[in-house]
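Numbering (the numbering used here), first residue to last: 14 to 464. We put the beta carbon where it would ideally sit given N, CA and C, even for glycine. Only a predicted model underlies this, so the values are computations on that prediction, with no experimental measurement involved. Here's the structure, in structure tokens; my notes come after.
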Amino acid sequence: MPHTLALLLAVMVLALVATWLLPSGAYQMSEAANGQKVVVPGTYAPLPDRTYLPPWTLFTIIPKAFASAQGVIFFVILMGGVFGVLQKTGAIEAAIGRTMIRFQGRQTLLIFFGMAIFTLLSASFGMASEYIAFTAMLVALCAAVRLDAMAASAILLVGYGVGYGASTTNPFTVVVAQEIAGVPIGSGLWFRIVVLVLAFLIAFHHVWSYARRVRLDPTRALAPPPADDKSTPSDFPPMTVTRGLVLGALGLTVAALIAGIVLAKWSLPQVGALFLGLGFSAVLIARIRIDEACDAFLAGAARLTGTALLVGVARAIGLILEDGQVLHTLVFMTATPLAALPAEASAVGMFLIQAFLNVFIPSGSGQAFATMPIMAPIGDLVGVSRQASVLAFQFGDGFTNLIIPTNPFLMAILGLTGVTYGAWVRFVWPLMVKLMLLSAAAMVAAVVVGL
Numbered sequence: 014m015p016h017t018l019a020l021l022l023a024v025m026v027l028a029l030v031a032t033w034l035l036p037s038g039a040y041q042m043s044e045a046a047n048g049q050k051v052v053v054p055g056t057y058a059p060l061p062d063r064t065y066l067p068p069w070t071l072f073t074i075i076p077k078a079f080a081s082a083q084g085v086i087f088f089v090i091l092m093g094g095v096f097g098v099l100q101k102t103g104a105i106e107a108a109i110g111r112t113m114i115r116f117q118g119r120q121t122l123l124i125f126f127g128m129a130i131f132t133l134l135s136a137s138f139g140m141a142s143e144y145i146a147f148t149a150m151l152v153a154l155c156a157a158v159r160l161d162a163m164a165a166s167a168i169l170l171v172g173y174g175v176g177y178g179a180s181t182t183n184p185f186t187v188v189v190a191q192e193i194a195g196v197p198i199g200s201g202l203w204f205r206i207v208v209l210v211l212a213f214l215i216a217f218h219h220v221w222s223y224a225r226r227v228r229l230d231p232t233r234a235l236a237p238p239p240a241d242d243k244s245t246p247s248d249f250p251p252m253t254v255t256r257g258l259v260l261g262a263l264g265l266t267v268a269a270l271i272a273g274i275v276l277a278k279w280s281l282p283q284v285g286a287l288f289l290g291l292g293f294s295a296v297l298i299a300r301i302r303i304d305e306a307c308d309a310f311l312a313g314a315a316r317l318t319g320t321a322l323l324v325g326v327a328r329a330i331g332l333i334l335e336d337g338q339v340l341h342t343l344v345f346m347t348a349t350p351l352a353a354l355p356a357e358a359s360a361v362g363m364f365l366i367q368a369f370l371n372v373f374i375p376s377g378s379g380q381a382f383a384t385m386p387i388m389a390p391i392g393d394l395v396g397v398s399r400q401a402s403v404l405a406f407q408f409g410d411g412f413t414n415l416i417i418p419t420n421p422f423l424m425a426i427l428g429l430t431g432v433t434y435g436a437w438v439r440f441v442w443p444l445m446v447k448l449m450l451l452s453a454a455a456m457v458a459a460v461v462v463g464l
């Protein structure tokens with residue numbers, strides 16, 4: 014499959030071509046009570062002067078886009094550095110290992126708590142690629158309780174997918190999308206928590222049911238037994254007092270994050286400062302040498318540099334459409350058919366559009382910058398709040414990550430566990446149907462309750 018960066022560059026070219034073919038137009042804008050700039054329905058009009066962008070705009074727009082998205086870009090890199098420091102302490106790995114080892118002899122508890130850990134880490138902190146290090150150990154633990162490679166893959170991947178799709182405070186998807194849409198960071202948290210609980214219960218039942226079927230009839234397994242693996246429970250770092258204190262600091266950070274975004278309406282700079290403080294606290298608690306801490310921070314930041322670059326390139330797409338004066342034209346063309354539908358149906362339609370786009374732009378932050386400048390105004394026009402527009406984005410982006418082959422993390426985990434993509438699709442598509450129905454119902458509920 015093409016690289017995500019290549020796909021974004023191709024969309025940039027299409028955006029430039031669109032400025033040559035589509036008529037220029039604009040809506041009148043007004044300021045809502047919360048200070049948002051929103052489009053005024055029924056005010057779209059063609060512009061008398063056409064703007065033609067030259068081909069070299071593809072090169073000149075990228076530095077401009079990086080400058081425009083610098084806040085999010087630096088936030089992503091900063092978060093990567095902080096999690097690099099946390100990884101250096103071994104605290105999160107120790108917590109995961111201790112939990113899994115405690116339930117090693119009990120299938121149901123291993124599935125439940127294993128999925129719960131990955132779900133919460135993804136929903137709260139946007140963790141994903143960090144799980145690759147646990148894959149071999151997870152397969153070994155599952156083999157010890159007669160769970161096959163498919164069940165091991167599902168514990169990790171389904172937990173990750175549910176965490177991203179029903180995210181609460183994921184800094185790389187929900188926080189970024191809310192920042193772009195102009196809604197307070199952390200708003201709508203109660204609704205997201207409800208969806209997260211429902212999605213997790215549905216997902217757990219699906220994985221547990223598969224494990225139960227295979228236990229009763231091994232011929233129904235969709236994957237062979239895991240290959241012999243030398244990983245043992247001792248491969249997990251031990252839980253120590255120091256690592257416990259680091260986890261305590263992490264818990265306090267989560268509490269402060271929720272309080273800050275709910276009570277003080279924090280934005281990206283405050284959230285970034287909070288996590289930077291967590292990184293410094295972890296260094297002091299674990300007594301990491303300053304040189305080692307710096308190396309860990311830079312290594313973590315480097316792991317997310319690619320994501321940060323995708324954010325900048327994705328922002329270039331929106332800038333091309335804005336400078337070419339066709340962004341509102343696309344909004345008008347998309348909103349017109351949706352406007353004929355009830356607001357509830359329009360909300361579901363927006364979610365399905367985001368799910369389709371995720372096939373081509375699997376990067377959460379990249380998709381937010383590529384689509385939210387269009388989808389948020391569409392919501393203004395069809396009676397869907399900007400908060401609900403963010404929900405449409407996160408549902409479409411997160412849940413479909415469980416099945417699209419353009420998701421490099423999915424393909425990496427399947428490669429490590431030895432599960433073929435075809436077998437994974439057979440396992441996960443019934444769950445995808447359930448999660449898509451839940452998402453559609455949640456979109457309708459968001460409109461009904463006026464989220």
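request  = Go ahead and pull the three-state DSSP assignment for Ala107.
outcome  = DSSP places Ala107 in the helix class (H, G or I) of the three-state scheme.
Rounded C-alpha distance that separates Ala314 from Pro386 = Taking the straight line joining both Cα atoms gives about 27 Å.
key: Exposure of Gly278, with buried meaning 16 or more beta-carbon neighbours within 10 Å   = Position check: residue 278 holds Lys in this sequence, whereas Gly was assumed. Lys278 should be labelled exposed.
task = Identify whether Gly431 lies in helix, strand or coil by the three-state DSSP scheme.
result = Coil.
inquiry  = Using only the alpha-carbon positions, how far apart do Thr132 and Ile74 sit?
reply    = Rounded to whole angstroms, Thr132 to Ile74 spans 37 Å at the Cα level.
query = Ordered along the chain, which non-local residues of its own chain (more than five positions away) have a Cβ less than 6 Å from that of Ala28?
reply = The answer, listed in chain order, is Ile330, Ile333, Leu334.
ask   = So what's Ala299 in DSSP terms, helix, strand or just coil?
value = Correct three-state label for Ala299: helix.
Beta-carbon separation (whole angstroms), Tyr4 vs Leu169, contact threshold 8 Å = The structure shown does not extend to residue 4, since the chain is modelled only from 14 through 464, so no value can be given for it.
ask   = Taking the continuous alpha helix (DSSP H) assigned at Glu335, which residues delimit it?
value = Segment 318–336, the alpha helix (DSSP H) holding Glu335.
message = Per DSSP, what are the beta-bridge partners of Gly38 in this structure?
response = Beta-bridge analysis with DSSP links Gly38 to Pro59.
inquiry  = Between which residues of its own chain and Phe204 is the CB-CB distance below 6 Å, once the five residues before and five after are set aside?
reply    = Beyond the five residues adjoining it in sequence on each side, Phe204 comes within less than 6 Å, by CB distance, of Leu464 in the same chain, given in chain order.
query = What residue does the alpha helix (DSSP H) around Ala82 start on, and which one ends it?
reply = It is not in any alpha helix (DSSP H) - Ala82 carries neither H nor E in the DSSP assignment.
inquiry  = Quick check on Pro68: buried or exposed, where buried means 16 or more other Cβ atoms within 10 Å of its Cβ?
reply    = So Pro68 counts as exposed.
query = How is Lys447 classed by DSSP in three states: helix, strand or coil?
reply = If DSSP states are grouped into helix, strand and coil, Lys447 belongs with the helices.
ask   = Does DSSP put Arg159 in a helix, a strand or coil?
value = In the displayed model, Arg159 falls within coil according to three-state DSSP, outside both helix and strand.
message = If I measure Cβ to Cβ from Pro197 and keep anything under 6 Å in the same chain, skipping five residues before and after, which residues do I get?
response = Non-local beta-carbon contacts of Pro197 in its own chain, meaning distances under 6 Å to residues more than five positions away in sequence, involve Lys278 in chain order.
query = For Tyr65, which three-state DSSP category applies?
reply = Taken through DSSP and simplified to helix, strand or coil, Tyr65 comes out as coil.
request  = Check Arg119 in the structure and name its three-state DSSP category.
outcome  = The answer is coil: DSSP assigns Arg119 none of H, G, I, E or B.
key: In chain order, each alpha helix (DSSP H) run of at least 4 residues that lies wholly inside the region 380–413   = Correct list: 399–411.
Contact set for Gln407: own chain, Cβ-Cβ below 7 Å, skip 5 residues either direction = Around Gln407: Gly178, Ser180, Thr186, Val187, Ala190.
request  = Classify Trp437 as buried or exposed, calling it buried when 16 or more other Cβ atoms lie within 10 Å of its own Cβ.
outcome  = By the neighbour-count definition (other C-beta atoms within 10 Å, threshold 16), Trp437 is a buried residue.
Segments assigned alpha helix (DSSP H), at least 4 residues, entirely inside the region 205–283 = Taking only runs of at least 4 residues, the alpha helix (DSSP H) segments lying wholly in the region 205–283 are 254–276.
key: Collapsed DSSP secondary structure at Met140 in the structure displayed   = Coil.
query = Does the distance from the CB of Val98 to the CB of Ala306 come in under 9 Å?
reply = Yes, Cβ-Cβ distance for Val98 and Ala306 is below 9 Å.
ask   = I think Val171 touches Ala216, with their Cβ atoms under 8 Å apart; what is that distance to the nearest whole Å?
value = Val171 to Ala216, Cβ: 5 Å. Contact.
Residue from Gly38, Leu370, Met445, Val326 with nearest C-alpha to Phe72 = Answer by Cα proximity: Val326.
request  = Using the Cα positions of Leu134 and Val175, report the straight-line distance between them to the nearest angstrom.
outcome  = Cα to Cα, the separation comes out at about 11 Å.
query = Are the region 380–396 and the region 447–456 touching by the rule of at least three beta carbon pairs closer than 8 Å?
reply = Segments in contact, no.
task = Report yes if the CB atom of Ala224 is closer than 9 Å to the CB atom of Tyr173, and no otherwise.
result = The beta carbons of Ala224 and Tyr173 sit no closer together than 9 Å.
ask   = Between Val220 and the rest of its own chain, which residues show a CB-CB distance below 7 Å, the 5 nearest in sequence each way excluded?
value = If you ignore the 5 residues before and after Val220, its C-beta comes within less than 7 Å of the C-beta of Ile124, Met128, Ala164, Ala167, Ile168, Val171, all in its own chain and listed in chain order.
task = Look at Leu323 and Gly409 and say whether their C-beta atoms are less than 9 Å apart.
result = Between Leu323 and Gly409, the CB-CB gap reaches or exceeds 9 Å.
With 16 other Cβ atoms within 10 Å as the buried cut-off, status of Arg159 = Of the other Cβ atoms in all chains shown, fewer than 16 fall within 10 Å of the Cβ of Arg159; this residue is therefore exposed.
ask   = Is the distance from the Cβ of Gly285 to the Cβ of Met92 below 9 Å?
value = Yes, the Cβ-Cβ distance between Gly285 and Met92 is below 9 Å.
query = Which residue comes first and which comes last in the alpha helix (DSSP H) that contains Gly201?
reply = Unbroken run through Gly201: none, as it is neither H nor E.
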